[in-house]
Amino acid sequence: MHANTDRLWDLVDTHAPAAAALADAVWAVPELNFAEIRSCALHARALHAAGFRVTPGIAGLPTALLGEAGIDGPVIAFLGEYDALPGLSQQADATTHHPLPGDGNGHGCGHNLLGAASLLAATALKDWLAETGLPGQVRYYGCPAEEGGAGKGIMVRAGSFAGVDAAITWHPGSFAMVFPPTSLASQRVDFTFTGRSAHAAAAPHLGRSALDAAELMNIGVNYLREHMPPTARVHYAYLDTGGNAPNVVPARAVVAYSIRAADLPEMLALAARVRTIAEGAAMMTDTTVTCTVVSGMANLLGNQPLEEAMQIQFERLGPPPFTTADRAYAETMRATLDAQQIATVFRALNLPVKPDMALCDTVIPYVPDRGRSMMGSTDVGDVSWVVPTVQALGATSAVGTPLHSWQMTAQGCSTLAHTGMVHVAKAMAATGAELIRNMALLDRVRAAHAGQVAQQPYISPMPSPAA
1 MHANTDRLWD LVDTHAPAAA ALADAVWAVP ELNFAEIRSC ALHARALHAA GFRVTPGIAG
61 LPTALLGEAG IDGPVIAFLG EYDALPGLSQ QADATTHHPL PGDGNGHGCG HNLLGAASLL
121 AATALKDWLA ETGLPGQVRY YGCPAEEGGA GKGIMVRAGS FAGVDAAITW HPGSFAMVFP
181 PTSLASQRVD FTFTGRSAHA AAAPHLGRSA LDAAELMNIG VNYLREHMPP TARVHYAYLD
241 TGGNAPNVVP ARAVVAYSIR AADLPEMLAL AARVRTIAEG AAMMTDTTVT CTVVSGMANL
301 LGNQPLEEAM QIQFERLGPP PFTTADRAYA ETMRATLDAQ QIATVFRALN LPVKPDMALC
361 DTVIPYVPDR GRSMMGSTDV GDVSWVVPTV QALGATSAVG TPLHSWQMTA QGCSTLAHTG
421 MVHVAKAMAA TGAELIRNMA LLDRVRAAHA GQVAQQPYIS PMPSPAA
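Using the UniProt record's numbering, the first residue of the sequence shown is number 1, and each one after it goes up by one.
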């Protein structure tokens with residue numbers, strides 16, 4: 001078994017230069033939600049070159065795509081991303097905040113690496129299956145708009161993952177480990193209040209202020225915070241305050257809410273309470289309100305047999321083979337961080353703080369439910385409800401680097417990042433291979449997933465377009 005896996009890892013190394021070039025090319029053209037035209041085209045070109053059958057525009061999303069190989073056996077999917085973030089443009093490898101000229105976008109979450117490593121793992125597994133003659137199918141999903149757009153949720157709703165036996169993905173970070181399956185279910189809802197404009201001095205009694213309604217809604221939600229579960233989160237931002245003329249009663253105001261909770265039922269119940277508050281604010285001001293669900297994400301559903309299988313591959317691999325130059329570079333990046341930033345990365349994973357660790361020098365042991373303090377959201381959660389899913393963390397940055405930071409962007413095409421990217425691709429590819437050649441494992445994975453969704457069926461946090 002190990003000889004076969006070693007050959008698989010050789011294939012990862014063979015394709016690694018092309019994957020590094022893809023990651024760097026995507027880093028250089030940072031594009032936001034649903035606008036990843038050039039990045040998607042780069043991934044399509046790489047899939048064609050690797051011999052995949054490519055279907056563009058799946059789920060009706062122009063920047064989503066599917067690469068397929070094989071015709072028989074279990075179907076293993078690798079999930080890739082390539083979207084960037086606004087305001088995080090940064091010169092590569094610079095150790096000071098030095099944005100590049102242009103549109104200001106940057107890969108502050110490492111998604112340029114994410115898609116490239118997933119495609120690398122898929123390519124190596126495809127070639128390994130061809131060499132061994134084992135039955136199995138490989139799919140690579142290029143997934144847009146993870147950063148708030150919930151692209152995978154739309155793909156799930158469209159049935160894009162039908163027939164998949166297991167899904168494998170990862171996220172860049174500071175450590176090499178199985179990603180704890182903890183995230184918050186979330187919904188982004190825009191509330192539009194409509195009133196009636198009037199001269200604020202001459203005839204204020206004729207006006208019905210939409211801005212008053214929005215502010216009353218915010219006050220009501222702030223009082224709600226005392227009565228929410230402690231893991232829930234509610235944030236808001238004004239999109240439209242009705243203009244900038246104080247002598248006009250504003251007839252329109254729009255406020256965006258992000259509503260998060262530990263799981264789908266809890267989040268949907270909390271969202272219903274926020275809507276009730278909005279309706280109450282409209283009643284108090286004699287205005288009307290409409291709400292639009294812009295996006296939504298389910299919480300991650302873990303799969304312990306699948307996570308244990310990935311951990312075995314990580315332990316066989318050992319820590320990433322960083323060089324002395326990588327370690328020196330990591331130290332220069334860490335000099336830009338403060339002690340609290342570094343400690344937070346450890347504590348988010350319930351790890352003991354090691355302030356002198358510059359780069360990941362070990363594989364973090366697998367502990368079920370390790371990351372209960374992690375409070376982010378991801379659309380991988382929606383996939384995990386319809387397909388058994390496992391995620392890895394890859395060590396692609398200096399320990400302590402916060403996500404969504406200029407430091408993360410700066411490290412995104414370094415040799416350090418490439419080393420961590422190839423390392424995690426090997427763990428993912430080997431996990432996929434084990435699922436194909438070990439049907440007993442795959443059966444346990446399926447059974448664990450079926451038992452979970454039988455207790456709580458999936459409810460999409462996004463209504464269908466016709467709803």
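Just so you know, even glycine gets a beta-carbon here, dropped at the ideal spot from N, CA and C.
In three-state terms, what does DSSP make of residue i?
i	result
Phe346	helix
Ile168	strand
Gly242	coil
Phe322	coil
Ala36	It is Glu, not Ala, that sits at residue 36 in the sequence shown. DSSP places Glu36 in coil when its eight states are reduced to three.
Gln137	strand
Gln411	coil
Gly60	helix
Thr332	helix
Thr192	strand
His98	coil
Glu434	helix
Ser384	helix
Val29	coil
Glu215	helix
Tyr236	strand
Ile259	strand
Thr55	strand
Ile459	coil
Ile364	coil
Ala309	helix
Val294	strand
Met177	strand
Gln452	helix
Ala20	helix
Ser118	helix
Taking the alpha-carbon positions, what's the residue i to residue j distance?
i	j	result
Ala28	Leu65	20 Å
Thr292	Val26	32 Å
Thr285	Asp212	7 Å
Thr324	Glu331	11 Å
Gly104	Glu31	10 Å
Ala271	Asn350	29 Å
Ala122	Met439	19 Å
Pro250	Ala203	13 Å
Ala18	Val453	39 Å
residue 509	Ala117	Outside the displayed range of the chain (1 to 467) lies residue 509, so it cannot be described from this structure.
Leu100	Pro321	31 Å
Ala130	Gly381	31 Å
Asp190	Leu239	9 Å
Pro461	Gly57	22 Å
Lys354	Ala20	30 Å
Which word fits residue i, buried or exposed, when buried means at least 16 other C-beta atoms lie within 10 angstroms of its C-beta?
i	result
Leu206	exposed
Tyr223	exposed
Pro172	buried
His199	exposed
Arg225	exposed
Ile71	exposed
residue 554	In this structure the chain extends from 1 to 467, so residue 554 is not present and cannot be described.
Gln407	buried
residue 515	There is simply no residue 515 to check, as the chain begins at 1 and stops at 467 in what is shown.
Asp165	buried
His98	exposed
Glu434	buried
His235	exposed
Gln455	exposed
Assuming contact is defined by CB atoms lying nearer than 8 Å, are residue i and residue j in contact in what I supplied?
i	j	result
Arg157	Val75	no
Leu184	Asn299	yes
Thr396	Leu113	yes
Ala46	Lys126	no
Tyr192	Val345	Strictly speaking, residue 192 in this sequence is Thr, with Tyr absent from that position. No.
Ile154	Ala59	yes
Ile459	Leu264	yes
Ala282	Arg327	no
Gly318	Val363	yes
Leu337	Thr409	no
Thr276	Ala210	no
Ala313	Ala427	According to the sequence provided, residue 313 is Gln. The question's Ala does not apply to it. Yes, Cβ-Cβ distance for Gln313 and Ala427 is below 8 Å.
Pro305	Arg444	yes
Any heavy atom of the ligand SAM closer than 7 Å to the Cβ of residue i?
i	result
Ile459	The ligand SAM is absent from the structure shown, which contains no ligand whatsoever.
Give me the Cβ distance between residue i and residue j, rounded to the nearest whole Å; I'm assuming they're in contact under 8 Å.
i	j	result
Ala425	Val54	Incorrect: roughly 20 Å between the Cβ atoms, too far for contact.
Glu36	Thr5	Glu36 to Thr5, Cβ: 33 Å. No contact.
His43	Glu81	Not confirmed; about 10 Å, so no contact.
Ala429	Leu79	Contact flag wrong, Cβ pair sits at about 14 Å.
Cys360	Ser174	6 Å
Ala278	Met217	5 Å
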